[in-house]
Amino acid sequence: MSNEPSQGGDPQQGAGGPSDDSGASASGDQAPHGQQPYGAQQPGPQDQYGQQPYGGQQPYGQQSYSQQQYGGQQPYGGGEQPYGGQQPYAGQQPYGQQPYGQQPYGGQQYGAQDQYGGQAQGGYGQQPYPSGQQYGGYPGQQPAGYPAATTGTSPDPLVPFSLSDWFSKIVGVVQRSWKPLFVIQAAVWVPIGLLEAALLLFGLGVEPESGALPAFGSVVSLGAANLVTSVLTVVLGTFGMLATVFVIVRDAAGRPYEPQQVWAFVKDRGLAAVGWYFLAGVLVLIGMFLLLIPGIYLATVFFGSLAGVVAVERGGMSRMFTLVNQRFFAVLGRGALTVLAAIVAGVLVGLIAMPFAFASTVLAQVVYYLLLIPIGAVSAAVAVVTYAENRFHEHNPVHTPVLADEMERA
4 MSNEPSQGGD
14 PQQGAGGPSD
24 DSGASASGDQ
34 APHGQQPYGA
44 QQPGPQDQYG
54 QQPYGGQQPY
64 GQQSYSQQQY
74 GGQQPYGGGE
84 QPYGGQQPYA
94 GQQPYGQQPY
104 GQQPYGGQQY
114 GAQDQYGGQA
124 QGGYGQQPYP
134 SGQQYGGYPG
144 QQPAGYPAAT
154 TGTSPDPLVP
164 FSLSDWFSKI
174 VGVVQRSWKP
184 LFVIQAAVWV
194 PIGLLEAALL
204 LFGLGVEPES
214 GALPAFGSVV
224 SLGAANLVTS
234 VLTVVLGTFG
244 MLATVFVIVR
254 DAAGRPYEPQ
264 QVWAFVKDRG
274 LAAVGWYFLA
284 GVLVLIGMFL
294 LLIPGIYLAT
304 VFFGSLAGVV
314 AVERGGMSRM
324 FTLVNQRFFA
334 VLGRGALTVL
344 AAIVAGVLVG
354 LIAMPFAFAS
364 TVLAQVVYYL
374 LLIPIGAVSA
384 AVAVVTYAEN
394 RFHEHNPVHT
404 PVLADEMERA
């Protein structure tokens with residue numbers, strides 16, 4: 004018999020309970036289930052939920068990587084470990100538990116976009132923003148984590164993220180909507196060109212070669228003719244602006260339309276738009292004559308907001324200033340580039356029309372106005388893209404479908 008003290012006892016009392024003389028065991032016998040052998044180091048109190056592997060003792064004060072949950076959170080579905088249950092090897096997570104720091108499966112929406120217009124992470128085969136599909140909800144429904152304006156290329160057909168993207172959106176508008184834009188601009192410039200040609204034909208215009216009045220002309224008749232031409236230019240130009248904004252936004256949003264809808268849109272907003280354009284022109288002229296800086300400021304505000312505020316929002320003058328003042332210098336730079344491009348285009352148009360003047364002044368005038376048709380289409384694209392960019396910087400969720408919705412509701 005061994006001289007070692009008895010390690011037996013009532014299993015109900017657990018280890019360390021009072022021993023019974025009848026429960027003495029022979030040397031080498033294994034300790035009962037759930038009891039440490041005599042002489043084995045008794046582990047200290049466990050500070051982690053779950054039991055240490057049988058026979059595998061953690062260093063003093065060190066916790067197993069697999070046991071310590073991030074933030075002290077209990078494992079999902081964690082219960083008491085069965086006796087002798089082996090801990091995962093080398094910090095491996097328990098079966099069914101996600102690795103440390105990894106998003107659980109299903110925690111991220113399939114195809115959810117983490118950037119404005121960006122490809123969804125994990126969205127295999129998902130296309131960027133398709134035309135005609137609602138993107139990000141209606142106004143006021145800002146998605147969670149909606150990013151601020153960034154740089155690079157935007158998938159939205161009208162909203163640019165940078166200056167280079169601004170150019171690309173303008174080109175995209177012309178490529179996408181060139182047919183209706185050319186028709187609208189032709190409806191604007193052809194009547195004006197024919198009127199100018201008629202005035203020259205009947206001696207009520209100024210000869211381009213000499214700049215002198217015709218022999219039988221008079222200041223009164225010339226003034227009346229120029230007044231009629233100016234009024235017609237403002238009215239037709241404003242109507243053309245409304246129509247181009249309508250077709251550009253609807254084409255970009257992928258929403259079909261009929262010519263009757265375009266005309267109804269123009270009639271609905273035409274009178275107010277003519278008034279706003281006339282007032283804007285007068286203010287810019289006064290600002291230029293009195294002092295150059297106020298004229299430049301007003302021209303910048305109207306360049307970046309007038310077409311969109313009148314056609315899309317049906318807003319007024321205060322709304323135009325509010326929209327542009329937040330990023331005035333960016334709009335000023337785009338306006339300066341537009342003016343330089345217009346000067347170059349005007350010179351090219353004059354050079355192309357000049358040879359026709361040797362044959363007929365009337366013919367040269369008609370050719371000149373015909374060449375203004377593509378220039379007018381590009382100018383309309385510039386105005387709409389600049390307005391859409393300003394709206395996006397003012398409130399990020401604004402993009403092409405939102406503009407289309409506002410235009411239909413206003």
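Quick note on this note's numbering: the sequence shown kicks off at 4 and runs consecutively.
Even glycine gets a Cβ: it sits at the ideal position worked out from N, Cα and C.
Just so it is clear, the structure is predicted and the values come from calculations on it, not from any experiment.
Check                                                                                                                                                                           : Outcome
Assuming V388 and L184 are in contact, meaning their beta carbons sit under 8 angstroms apart, how far apart are those beta carbons, in whole angstroms?                        : Their Cβ separation, rounded to whole angstroms, is 13 angstroms, which puts V388 and L184 out of contact at 8 angstroms.
Near G416, which residues of its chain fall below 8 angstroms by C-beta distance, leaving aside the five closest residues on each side in sequence?                             : Residue 416 lies beyond the residue range present for the chain, which begins at 4 and ends at 413; the question has no answer from this structure.
Can you tell me where the alpha helix (DSSP H) holding A3 begins and where it ends?                                                                                             : There is no way to answer for residue 3, as the model of the chain reaches only from 4 to 413.
Using the C-alpha atoms, what's the distance from N399 back to L202?                                                                                                            : 50 angstroms
Per DSSP, what kind of secondary structure is V401 in: helix, strand or coil?                                                                                                   : coil
According to DSSP, is Q329 helix, strand or coil?                                                                                                                               : coil
So, using beta-carbon positions, are L343 and I355 closer together than 8 angstroms?                                                                                            : no
Let's test the definition: count the other Cβ atoms within 10 Å of the Cβ of G319 and tell me whether it reaches 16, buried, or not, exposed.                                   : exposed
Please report the Cβ distance between E199 and T241, rounded to the nearest whole angstrom; I am assuming they are in contact, meaning their Cβ atoms lie under 8 angstroms.    : Actually they are not in contact, since the Cβ atoms of E199 and T241 sit about 19 angstroms apart, beyond 8 angstroms.
Just to check my reading of the structure: A310 and Y390 have Cβ atoms closer than 8 angstroms, yes? What is that Cβ distance to the nearest angstrom?                          : 6 angstroms
So, under 8 angstroms CB-CB, V248 and A189 are touching, yes? Tell me the CB distance rounded to an integer number of Å.                                                        : That pair is no contact at about 17 angstroms.
Determine the closest residue to I378 out of A360, V347 and E397, with distance taken between C-alpha atoms.                                                                    : V347
Which one of V287, E409 and R394 has the shortest CA to CA distance from V334?                                                                                                  : R394
Does the Cβ-Cβ distance between T303 and V327 come in under 8 angstroms?                                                                                                        : yes
Identify which residue in V277, K270 and E261 has its Cα closest to the Cα of V234.                                                                                             : V277
Can A384 and V252 be called in contact, C-beta distance under 8 angstroms?                                                                                                      : no
Beta-carbon separation of F361 and V370 under 8 angstroms?                                                                                                                      : no
When we look at the beta-carbon of Q368 and count the other beta-carbons within 10 Å, is it buried (16 or more) or exposed?                                                     : buried
Figure out for me which residue from F164, V186 and G155 has the closest Cα to the Cα of A380.                                                                                  : V186
On the DSSP letters alone, give me the boundaries of the alpha helix (DSSP H) that R179 sits inside.                                                                            : L166 to L204
Please determine, among L293, M291, V365 and T325, the residue with the shortest C-alpha to C-alpha distance to G307.                                                           : T325
Compute the Euclidean distance between the alpha carbons of P194 and G155, then round it to the nearest angstrom.                                                               : 42 angstroms
Can you give the beta carbon distance from P163 to E392, rounded, assuming they're within the 8 angstroms contact cut?                                                          : 5 angstroms
Thinking C-beta only, is S180 closer than 8 angstroms to V269?                                                                                                                  : no
Quick check on the burial criterion: 16 or more other C-beta atoms within 10 angstroms. Buried or exposed for D271?                                                             : exposed
Excluding the five sequence neighbours on either side, which residues of its own chain have a C-beta within less than 7 angstroms of the C-beta of L295, listed in chain order? : none
Cα-Cα, which of L351, M357 and Y300 is closest to G336?                                                                                                                         : Y300
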